[in-house]
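Student: Residue numbers (my numbering): 205 to 323.
Below: one structure in structure tokens.
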């Protein structure tokens with residue numbers, strides 16, 4: 205979800221902002237909606253519903269202003285920590301090492317976005 209706003213288009217293989225343009229209400233958008241003043245929340249809702257063109261530059265500025273990136277990354281890290289704790293109960297199960305590797309991949313992806321965001 206973060207990659208759609210903070211990723212590198214060449215690296216992720218898709219145009220940024222496509223989740224918003226297609227009406228997907230992802231965690232970054234949920235956080236932004238919760239933090240925006242009523243008028244701006246209504247404008248963003250119109251964009252999500254496809255009734256107004258997406259204002260990507262405005263949404264990125266607002267995400268920086270309302271600390272969306274750190275909030276979402278904290279949620280991602282919390283989920284990864286929970287997953288690792290759950291997996292620790294089954295260290296000998298065949299999928300456990302692969303799922304732990306997936307946790308590491310997700311952590312690396314978020315860290316890469318964090319460096320790129322610069323805000």
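We treat Cβ as the ideally placed atom computed from N, Cα and C, and that holds for glycine.
1. With contact counted as at least three CB pairs below 8 Å, one residue from each stretch, are the stretch 241-258 and the stretch 286-297 in contact?
2. Spell out a yes or no on whether the stretch 211-231 and the stretch 260-275 are touching, meaning 3 or more CB-CB pairs, one atom from each, closer than 8 Å.
3. Going by C-alpha distance, which of 205, 218 and 301 is nearest residue 235?
4. Does DSSP classify residue 234 as helix, strand or coil?
5. How should residue 195 be labelled, buried or exposed, when 16 other C-beta atoms within 10 angstroms of its C-beta is the threshold for buried?
6. Could you check what DSSP says for residue 215 in three-state terms: helix, strand or coil?
Tutor: So, to answer that:
1. no
2. A contact exists between the stretch 211-231 and the stretch 260-275.
3. 205
4. helix
5. Residue numbering for the chain in the displayed model covers 205 to 323; residue 195 lies beyond these limits and cannot be assessed.
6. If DSSP states are grouped into helix, strand and coil, residue 215 belongs with the helices.
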